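So the structure is just underneath, and the comments pick up after that.
Numbering (this note's numbering), first residue to last: 8 to 181.
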């Protein structure tokens, strides 16, 4: 049961990326090797976000403090939640930020906005999924599907702002 849930959540970013690809008007050839090229091009930025997440996890979030994986239904924005939902907004914001930073770098390197947005979205979701999985091995946290949903929400918001320049001028998340 636990393994199925982790597998299902692991595939959400992939399903998201390929649903966007399938609905594109002009379908550029986007393959796994395309993604690897973009990951190589953003390895410095991606490594920074990855190292930051791992450092925070090990030193502030007690990753590894339990040997067994645990789920932690945290709730959303209610009065009885740990932070009243501020944590959820933090997850959306950091996913949004990672996606924007990586996509901006890729576009400066000449990638199309669509390609940059897909690659940045996949990398952002991979990093944030890592955070949630390792939270599952923390006695204080646990894997929160609400956090995973908010990670995806921030990334989707960023994706649509990247591929729609007019939307980028109208709406921001700060």
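Where is the CB? At the ideal position from N, CA and C, for every residue including glycine.
Bear in mind the structure is a predicted one, so any value in this text is a computation, not a measurement.
Under the DSSP assignment, residue 81 falls outside any alpha helix (DSSP H); it carries neither an H nor an E label. Around residue 148, the same chain offers 68, 69, 79, 142 as residues with beta carbons nearer than 8 Å, after the five sequence neighbours per side are excluded. Nearest neighbour of residue 175 by Cα position, chosen from 131, 136, 111, 156, turns out to be 111. With fewer than 16 other Cβ atoms from the protein chains shown falling within 10 Å of its own Cβ, residue 47 counts as exposed. Rounded to whole angstroms, residue 58 and residue 65 show a C-alpha spacing of 10 Å.
Secondary structure of residue 128 (DSSP, three-state): helix. The beta carbon of residue 99 sits closer than 8 Å to the beta carbons of 157, 158, 160, 161, 164, 180 from its chain, once the five residues preceding and following it are set aside; these are given in chain order.
Taken atom to atom, the span from the alpha-carbon of residue 51 to that of residue 108 is near 11 Å. Under the three-state reduction of DSSP output, residue 164 falls in the helix class. Residue 145 is bridged by DSSP to 70. Residue state for residue 56 is assigned as helix, using DSSP reduced to three classes. Around the C-beta of residue 95, 16 or more other C-beta atoms lie within 10 Å, and the residue is accordingly described as buried. Distance from the Cα of residue 117 is smallest, within the candidate group 39, 38, 40, 49, for 49.
Look at residue 180 here: in three-state DSSP terms it is coil, with no helix or strand label. Looking at the DSSP output, residue 150 sits in a beta bridge with 78.
For residue 139, same chain residues with a beta-carbon under 6 Å away, outside a window of 5 residues either side, are 150, 154, 155 in chain order.
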